[in-house]
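Worksheet: one structure, shown below.
In this note's numbering, the protein residues as written are 832 to 1288.
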């Protein structure tokens, strides 16, 4: 356990920059100690996620488990099915509410299939049941690809999915893609997401190159083909072959190695980009998911250099609209205290964006930091912002801290009822992620303005 002395003052007290006097009933001069504080550090005291203490105890399934992201992402690939293999509790939390007590193979409208393990399977193994399930899924649903997603229990029981997939490959129509989520070795959900995307290289092979073409890796929104980025690229004469993982098919993925460039907009797609470069020679450029207007401009400039096309003139109107939205939201956000959890732009990128709106980032929850976050850390500290930073925790665990800090705005997933009881406005992370570029900037600014508009100071 880390010693708080010297970081938060003497044990039993904690100096902070207090919000407006009386905010949420908290006096300016002191903030009561909350148990959760021992897991937080000031931004200036950390550089990587490893510098943060790990909360005692474990949630199961918890925020670390990659199963959830795998279950949400794999079904986005049209023409595929996803077989989740694990105990009923895990599958229940992955979206199989009506199937959690079932036995054998069960289908859901989402394209998920569930193979629930019996208690004895953890001892005697589940290989024969997996073989049965794969053969049945292939026969009944005839998918072009079948993801085999394992959880902790079959992995700890010694299940070798790679060997089973190799054995089954000649007997099924579907291409079999193995994804291990092994939550016991992960500290954030993105391990599952990264591995789903990395597995997609199993659908690819050598194909003739296509000049002036790209894949955009890391777009998960349903309208990925209509984002500002894709429209700008196509208006500039660049063909977008595929947006991965959203709005793509098994057939389209097979053609991805013909692209002249992979554009990586979320770092969970880096493993796939690197594997495609190693196997097929497709270079990649990582532009990230920026929110601050200057970062969006940098991303477009990076793409212009890589592709030899002019993109910024094509998005000038969107840039102006984003600037206007930010100006309107500043009146509502100025001086507000904000908490940032999972949000577009990364935890520190989102904190920096809120700071540009005039809010004070008081606390940041993170499960990981990207290269983009590392850059924003420097900007935040240079501009005088030094929020508390801790590992991702549930809203219920955070209530004492949010109350103590006098937080007005919560950017990220969270219990909206608990937040409402505290009088905290919530900005949900998904709408901005359905966009990229200045469109995302505009939407994020408008949502902050809407969440804060009319709230007493």
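Built from N, CA and C at the ideal position, the CB exists for glycine as well.
I believe residue i touches residue j by the beta-carbon criterion, under 8 Å. Please report the beta-carbon distance rounded to the nearest angstrom.
i	j	result
residue 1028	residue 1099	7 Å
residue 1196	residue 1221	6 Å
residue 1218	residue 874	6 Å
residue 976	residue 1034	6 Å
residue 1268	residue 1060	5 Å
residue 956	residue 990	7 Å
residue 1167	residue 1239	4 Å
residue 1237	residue 1163	About 17 Å separates the two Cβ atoms, so there is no contact after all.
residue 969	residue 1003	4 Å
residue 1190	residue 1169	5 Å
Mapping the DSSP letters down to three states, classify residue i as helix, strand or coil.
i	result
residue 1279	helix
residue 1257	strand
residue 1120	coil
residue 1035	coil
residue 1072	strand
residue 884	coil
residue 844	Any reading at residue 844 must be qualified, since the residue scores a pLDDT of 29, below 50, and its modelled position is unreliable; the value itself is stated next. In this structure, residue 844 counts as coil in the three-state DSSP scheme.
residue 1272	helix
residue 1221	strand
residue 961	helix
residue 1049	strand
residue 873	strand
residue 878	coil
residue 909	strand
residue 985	helix
residue 1212	helix
Which residues bound the alpha helix (DSSP H) around residue i?
i	result
residue 1248	1247–1252
residue 992	992–999
residue 1178	1178–1187
residue 1092	From DSSP, residue 1092 is part of no alpha helix (DSSP H) but of the beta strand (DSSP E) over 1092–1095.
residue 1027	1021–1030
Starting from residue i and walking both ways along the beta strand (DSSP E), at which residues does that stretch end?
i	result
residue 978	976–981
residue 949	Looking at the DSSP string, residue 949 is not in any beta strand (DSSP E), and its letter there is neither H nor E.
residue 901	No beta strand (DSSP E) contains residue 901, which is instead part of the alpha helix (DSSP H) from 898–904.
residue 1146	Unbroken run through residue 1146: none, as it is neither H nor E.
residue 1191	1191–1197
Skipping 5 residues on each side, what residues in its chain have a beta carbon closer than 6 Å to that of residue i?
i	result
residue 1143	1131
residue 1152	1273
residue 1102	1025 and 1029
residue 1160	1188, 1276, 1279 and 1280
residue 1306	An answer regarding residue 1306 cannot be provided, because it is not within the stretch 832 to 1288 covered by the chain.
residue 1063	1142, 1145 and 1146
Go through its chain and collect everything with a Cβ distance to residue i's Cβ below 7 Å, but skip five positions before and after it.
i	result
residue 925	898, 899, 902 and 915
Looking at the C-beta of residue i, does it have a partner C-beta in chain B at a distance below 8 Å?
i	result
residue 1085	No chain B is present in this structure, which holds just one protein chain.
Apart from the five residues on each side of it in sequence, which residues of its chain come closer than 8 Å, Cβ to Cβ, to residue i?
i	result
residue 1039	1089
- Message: Does the structure place the segment 973–990 close enough to the segment 906–919 that three or more beta carbon pairs sit under 8 Å?
- Response: yes
- Message: Any contact between the segment 1163–1176 and the segment 1111–1129? By contact I mean 3 or more CB pairs, one from each, below 8 Å.
- Response: yes
- Item | Three-pair Cβ contact test at 8 Å for the segment 1251–1265 versus the segment 1104–1113 | no
- Query: For the 8 Å Cβ check, are there 3 or more pairs between the segment 1088–1098 and the segment 1046–1058?
  - Reply: yes
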